[in-house]
Amino acid sequence: MSLLQTLIVRGLSLLVVLITVLFLSVIVLGATGYSDRLLTATVSEELRGLRQSLSQNIRDPNELEQVIEDRREQLIEFYGLDRPWYYRLPDMVFRILTLDLGEARTLRSFTGSNRVSDIVLERLPNTVLLITSATIITSIIGLYVGVKIATQVGSRLERSVSYFSAISYALPAWWLGIIFIILFAFQLRILPSSGMFSVPPPTEPFARFLDRLVHAILPIFTLVIVSVGSWSYAVRTMVLNISQEDFVNVARAKGLPENLVMRRHIIRVAAPPIVTSLILGLTGSLGGAILTETVFGWPGMGRLYYEAILAADESVIVALTFMFTLLYVIARFILEILYVVLDPRVRYK
Amino acid sequence: MSKKTNKTKKYSLVVKNLNVNYKVAKGSINAVNNVSFQIKPGEALGIVGESGCGKTTIALSLIRLLPRNVSKLNGNITLNDKKINKLSDDTFRKTIKWKQISMVFQGAMNSLNPVLRIGDQIIEPLVNTGESKSIAKKSALELLDLVGLSKETYSKYPHELSGGMKQRVIIAMSMIHHPGLIILDEPTSALDVSVQAQIMNLLKSLKLQGISMIFITHDIALTSDLCDNLAVMKDGKFIEYDSLVNVLNNPQHNFTKQLIQSVPSLSVSTTRKISSTKKEILDFKNIKVDFIVRKGLLSSEPFTAVSDVSLKINQGETLALVGESGSGKTTLGRVALNLIEPVTGRVKFQGSFLNNSDDFSFRKKAQAIFQDPYSSINSFMTIYQILEEPLIIHNIDKSLHLEKINLVLKDVNLTPTKDYLNKYPHMLSGGQRQRVGIARALILDSKFIVADEPVSMIDASSRLEILGLLNNLQFTKNLSFLYITHDIATARQFSDRIAVMFFGRIVELGKSNEIVKNPLHPYTRSLIEAIPTLDPDNLSKMRKVISRENFHPQCTFHNKKSNRVMDYHLNNISHKCRKKHPKLNEIKKNHFVACHL
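Residue numbers (this note's numbering), protein chains in the order written: chain P, 21 to 369; chain C, 2 to 598.
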């Protein structure tokens with residue numbers, strides 16, 4: 021009962037986070053006048069096209085101006101430019117909350133649809149594939165290395181890992197990505213430089229899978245390198261903290277073999293904070309994906325963000341902000357559930 | 002019970018010329034220096050010494066848990082005629098650790114893994130040796146019963162248990178292999194006196210089953226409850242090692258004599274210089290303090306920490322507030338310092354009501370001495386900086402700072418003062434740190450000081466010094482103290498009057514000697530009975546413990562459901578105690594008690 025209650029309360033508070041982020045991004049768009057300028061520009065763009073096509077048929081300049089003026093008023097009403105942004109934008113928020121993401125102004129999906137949901141859903145799996153595999157690889161390596169160096173503090177391995185972790189933390193992902201492209205794609209010519217498929221893509225399913233894998237190696241490798249160092253160091257610190265606790269000494273006194281002490285009395289106790297930083301790191305790397313995907317021409321949500329900003333496509337920007345927040349909130353909720361499972365102390369509060 | 006007795010093996014231990022050195026930054030430290038002792042089957046050896054004397058190192062070397070920086074370890078350890086120090090680490094782990102020698106560690110709070118169930122932690126060593134889980138569970142339940150815990154404890158988590166219950170779990174855990182020798186490292190420190198008495202009784206009953214024990218403690222008074230032989234340790238050496246009776250009756254070494262004298266005794270009369278006047282400095286009137294406890298979704302309910310307390314402290318007087326953890330004594334101390342606002346009631350200080358508006362000038366007049374000298378002073382500041390800070394805050398002329406600091410350091414006997422000014426706290430001992438804490442409380446010439454357990458974390462030998470120092474300062478500077486403590490014996494030595502607190506209420510109030518000699522409330526009586534005394538006769542008898550049986554069957558306190566929550570609602574007995582809390586009544590002159598009986 022109380023467990024369910026706890027989860028409901030946490031779920032509700034995350035929903036509040038979701039709505040707040042949406043409203044904030046909309047207020048930023050509206051209050052800075054960015055939204056108005058975007059729409060005005062769109063209206064003028066459409067009218068310029070209209071003037072050109074109409075000027076073939078309507079000779080009288082006054083009539084032409086009249087028609088265009090009528091059209092302008094229609095468009096202004098259509099985009100809601102006749103009202104201030106704080107009347108126009110809340111509608112958009114509520115529309116997006118019901119998962120009706122609306123229509124993109126200029127961007128199109130690969131199949132040609134202008135519906136934002138089509139565009140985003142097409143890109144979502146690509147990003148998830150990239151981020152998830154990078155995170156899984158990072159966490160496995162990080163856990164292994166972190167635990168290993170925690171047991172041999174002061175050794176040469178431990179010191180070299182701490183140097184590496186500082187360097188890897190300081191490296192920008194996009195810079196490393198460019199270096200890798202130069203090295204592996206242009207110098208060694210063993211890996212493709214960008215994109216998700218060869219052109220033309222192979223038809224046989226297994227070959228298609230291999231093709232995608234080869235294209236994913238460099239972006240995943242880049243993401244792993246920039247995060248694995250700090251992650252192993254974080255694991256090392258958490259494991260070291262726990263291994264100084266009294267109950268670890270008790271476990272040793274009980275005559276348990278060292279690997280059992282490590283597994284059950286150190287890693288198991290360190291699991292809640294480790295899982296927390298893992299999941300928060302995963303959501304944090306969504307932001308990093310924008311740069312990595314752009315560098316590698318990876319058609320994911322990060323690259324879409326970049327394209328939408330360049331094309332000034334307001335509804336795609338807002339929809340993507342919503343999607344990123346949604347992914348974050350879902351990850352946080354999974355974290356809450358995992359935490360309750362892992363740490364009995366938060367269960368009965 | 003008889004079955005368990007049969008399982009217990011009879012163990013003897015002989016340790017010859019044990020030496021342990023630690024490698025440190027500057028050379029090495031001789032932590033244990035040529036220590037030899039023996040324990041006959043079923044006997045208990047007490048090792049008494051101050052922190053850092055090497056007593057825990059002996060324990061760790063017996064069970065092979067020494068830290069990595071050991072540079073030298075030699076000597077012979079013979080368990081049942083078998084030299085166990087020559088065994089390989091793996092053999093030692095598989096045959097000796099926990100199976101023949103087990104250990105109860107200091108600090109019940111941290112000795113259990115917070116994310117595993119109690120039962121799993123108890124049976125873990127047994128399951129690890131290949132025993133089936135169901136058989137292991139059966140013997141774990143027997144052990145829980147033996148240490149006085151319910152069956153439900155098996156599937157609970159550590160955070161659901163109180164400190165005393167955790168210590169019982171740890172004792173049960175140490176018995177799972179039915180070892181012949183148990184090393185007890187300060188098994189009762191950090192527990193309330195009443196819980197301490199219960200744990201000591203439990204250990205006595207285990208000893209009666211024939212288990213040999215090593216009992217390590219800083220509190221010599223506890224050894225007479227359990228030990229046949231006693232070793233006094235100082236700087237890595239046994240400076241005294243004989244039977245308990247001989248050590249207590251005929252101590253050879255000055256340090257031993259000092260330790261024995263430092264045990265607060267209730268029979269010796271106290272010599273306090275009394276300077277108290279009739280003018281009151283602090284006046285509590287009907288104080289009630291609630292804390293909000295979150296319950297469920299959005300609701301919360303108040304937990305009453307202090308209810309209906311009225312007290313007066315006179316100028317130059319020490320009032321001791323005695324009670325166990327959770328009794329509300331520290332909360333009341335914080336009310337006196339204007340750190341917590343009471344829900345109802347008013348506090349008058351020097352004749353005017355405390356309020357938040359003149360907090361700044363009040364801070365100059367009232368100060369605090371805290372329990373833990375290790376965390377109550379900032380370790381990144383020098384002693385000079387620590388003592389100067391209050392002067393800066395209260396805008397004292399800068400030219401006077403050094404003079405004032407020198408004076409106050411002299412007052413607390415940290416002389417020559419120039420040796421201390423530029424030192425950092427980590428360069429001082431616990432007693433010296435606490436003197437710095439006292440100096441900080443005195444530097445603004447405050448007249449009223451709340452001393453919250455000022456000596457409970459200090460080694461026994463410096464306790465009396467610190468209390469004597471406070472006593473002298475009180476006399477020379479006409480200070481008033483609110484002395485908060487769990488220890489009614491030191492309260493008697495240091496205070497003029499004692500107020501006994503129980504579940505947020507004052508249950509007895511009177512002159513210190515009168516309260517100790519002539520306690521009227523059943524709770525006060527049981528607190529006095531729980532004080533450990535140094536007497537070889539203690540070996541043969543169980544200690545009296547505070548339990549509901551100490552109270553009259555019709556008393557509110559009798560029907561306490563747990564240690565924490567007083568149950569007002571079980572109203573099946575019609576008695577005035579159930580309907581209304583007893584008021585403090587003056588039974589004799591200046592002796593008040595809150596009991597209808």
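Cβ coordinates follow ideal geometry from the N, Cα and C atoms, glycine included. Owing to the predicted nature of the structure, the values given are computational and were not obtained by experimental measurement.
When DSSP builds the beta bridges, which residues end up paired with residue i?
{"i": "residue 31 (chain C)", "result": "C:22"}
{"i": "residue 17 (chain C)", "result": "C:77"}
{"i": "residue 105 (chain C)", "result": "C:185"}
{"i": "residue 234 (chain C)", "result": "C:239"}
{"i": "residue 501 (chain C)", "result": "C:323, C:509"}
{"i": "residue 47 (chain C)", "result": "C:216, C:231"}
{"i": "residue 305 (chain C)", "result": "C:291"}
{"i": "residue 483 (chain C)", "result": "C:320, C:451"}
{"i": "residue 310 (chain C)", "result": "C:288"}
{"i": "residue 83 (chain C)", "result": "C:80"}
{"i": "residue 592 (chain C)", "result": "C:589"}
{"i": "residue 347 (chain C)", "result": "C:286"}
If the cut is a Cβ gap below 7 Å, which residues of chain C does residue i touch?
{"i": "residue 270 (chain P)", "result": "106, 112"}
{"i": "residue 217 (chain P)", "result": "None at all; the shortest Cβ gap to chain C is about 46 Å."}
Residues of chain C with CB under 8 Å from residue i, in chain order?
{"i": "residue 276 (chain P)", "result": "125, 126, 129"}
{"i": "residue 280 (chain P)", "result": "129"}
Report the residue from the options whose alpha carbon sits nearest the alpha carbon of residue i.
{"i": "residue 306 (chain P)", "options": "P:138, P:173, P:144", "result": "P:144"}
{"i": "residue 340 (chain P)", "options": "P:147, P:106, P:24, P:68", "result": "P:147"}
{"i": "residue 345 (chain P)", "options": "P:26, P:288, P:120, P:40", "result": "P:40"}
{"i": "residue 294 (chain P)", "options": "P:77, P:102, P:362, P:47", "result": "P:362"}
{"i": "residue 100 (chain P)", "options": "P:133, P:259, P:58, P:141", "result": "P:58"}
{"i": "residue 310 (chain C)", "options": "C:337, C:303, C:326", "result": "C:337"}
{"i": "residue 228 (chain C)", "options": "C:539, C:584, C:594", "result": "C:539"}
{"i": "residue 269 (chain P)", "options": "P:282, P:258, P:257", "result": "P:282"}
{"i": "residue 445 (chain C)", "options": "C:454, C:393, C:339, C:286", "result": "C:393"}
{"i": "residue 363 (chain C)", "options": "C:384, C:347, C:191, C:340", "result": "C:340"}
{"i": "residue 169 (chain C)", "options": "C:158, C:144, C:50", "result": "C:144"}
{"i": "residue 379 (chain P)", "options": "P:358, P:332, P:342", "result": "Residue 379 (chain P) lies beyond the residue range present for chain P, which begins at 21 and ends at 369; the question has no answer from this structure."}
{"i": "residue 79 (chain C)", "options": "C:39, C:380, C:534", "result": "C:39"}
{"i": "residue 59 (chain C)", "options": "C:17, C:347, C:83", "result": "C:17"}
{"i": "residue 493 (chain C)", "options": "C:206, C:440, C:516", "result": "C:516"}
{"i": "residue 259 (chain P)", "options": "P:165, P:335, P:316", "result": "P:165"}
{"i": "residue 253 (chain C)", "options": "C:233, C:237, C:532", "result": "C:233"}
{"i": "residue 180 (chain C)", "options": "C:369, C:98, C:122", "result": "C:98"}
Kindly list, in the order they appear in chain P, the residues whose Cβ is closer than 7 Å to that of residue i.
{"i": "residue 609 (chain C)", "result": "Outside the shown range of chain C (2 to 598) lies residue 609 (chain C), about which nothing can therefore be said."}
{"i": "residue 115 (chain C)", "result": "289, 365"}
{"i": "residue 66 (chain C)", "result": "269, 272, 273"}
{"i": "residue 56 (chain C)", "result": "The premise fails here: residue 56 (chain C) is roughly 16 Å from chain P at the closest Cβ pair, so nothing lies under 7 Å."}
{"i": "residue 94 (chain C)", "result": "275"}
Within the present structure, is the beta-carbon of residue i separated from the nearest heavy atom of the ligand FAD by less than 7 Å?
{"i": "residue 126 (chain C)", "result": "Looking at this structure, you won't find the ligand FAD or any other ligand, since it has none at all."}
Give the interface partners of residue i over in chain P, defined as CB-CB distance under 8 Å, in chain order.
{"i": "residue 100 (chain C)", "result": "275"}
Which residues in chain C sit within 9 Å of residue i, going by Cβ to Cβ distance?
{"i": "residue 191 (chain P)", "result": "Within 9 Å Cβ-Cβ: nothing; residue 191 (chain P) doesn't reach chain C, min ~34 Å."}
What residues from chain P crowd round residue i, counting only those whose CB sits closer than 9 Å?
{"i": "residue 83 (chain C)", "result": "By Cβ distance, chain P contributes nothing, its closest Cβ being about 17 Å from residue 83 (chain C), past 9 Å."}
**Study point:** Residues, ordered as in the chain, of the stretch 216-241 of chain P that lie near chain C by beta-carbon distance below 9 Å
**Key:** Answer set for the stretch 216-241 of chain P: empty.
Review point. Should the stretch 284-294 of chain C be called in touch with the stretch 331-349 of chain C, which here means at least 3 C-beta pairs below 8 Å?
Key: Short answer: they touch.
Check your understanding: Taking Cβ-Cβ distances below 7 Å as the criterion, which residues of the stretch 158-183 of chain C are in contact with chain P?
Key -> Those residues of the stretch 158-183 of chain C that come within reach of chain P (Cβ to Cβ, closer than 7 Å) are 158, 160.
Practice item. Compile a chain-ordered list of the residues in the stretch 247-268 of chain P whose CB is closer than 9 Å to at least one CB of chain C. Key: Residues of the stretch 247-268 of chain P with a C-beta less than 9 Å from any C-beta of chain C: 265, 266, 267, 268, listed in chain order.
Point to revise | Chain-ordered residues of the stretch 100-119 of chain P with a beta carbon less than 9 Å from chain C | key: Shown here is that no member of the stretch 100-119 of chain P has a Cβ falling below 9 Å from a Cβ of chain C.
Review point. Are the stretch 400-414 of chain C and the stretch 356-375 of chain C touching by the rule of at least three beta carbon pairs closer than 8 Å?
Key: No, the stretch 400-414 of chain C is not in contact with the stretch 356-375 of chain C.
Point to revise | At least three beta-carbon pairs within less than 8 Å, the stretch 148-165 of chain C to the stretch 62-77 of chain C | key: Look at the beta carbons and you see the stretch 148-165 of chain C not touching the stretch 62-77 of chain C: under three pairs across the two are nearer than 8 Å.
Review point. Do three or more CB pairs link the stretch 222-229 of chain P to the stretch 157-164 of chain P at distances below 8 Å?
Key: No: fewer than three Cβ pairs fall under 8 Å.
Point to revise | Cβ contact (3+ pairs, closer than 8 Å) linking the stretch 17-34 of chain C and the stretch 208-224 of chain C | key: Cβ pair count under 8 Å is below three, so no.
Exercise for review: With 7 Å as the C-beta to C-beta threshold (strictly closer), list the residues of the stretch 344-357 of chain P near chain C in chain order.
Suggested key: Those would be none; no residue qualifies.
Check your understanding: Would you call the stretch 102-114 of chain C and the stretch 179-196 of chain C touching, i.e. three or more CB-CB distances under 8 Å?
Key -> The answer is yes - the stretch 179-196 of chain C touches the stretch 102-114 of chain C, with three or more Cβ pairs under 8 Å.
Check your understanding: Is there contact between the stretch 251-268 of chain C and the stretch 316-332 of chain C, where contact requires at least three CB pairs shorter than 8 Å?
Key -> Segments in contact, no.
Review point. Does the stretch 350-364 of chain P come close enough to the stretch 27-45 of chain P to have 3 or more Cβ pairs within less than 8 Å?
Key: Between the stretch 350-364 of chain P and the stretch 27-45 of chain P there are three or more C-beta pairs closer than 8 Å, enough to call the two in contact.
Exercise for review: Take every Cβ of the stretch 284-299 of chain P, pair it with every Cβ of the stretch 191-203 of chain P, and state whether three or more of those distances are shorter than 8 Å.
Suggested key: With the cut-off at 8 Å, the stretch 284-299 of chain P and the stretch 191-203 of chain P do not touch.
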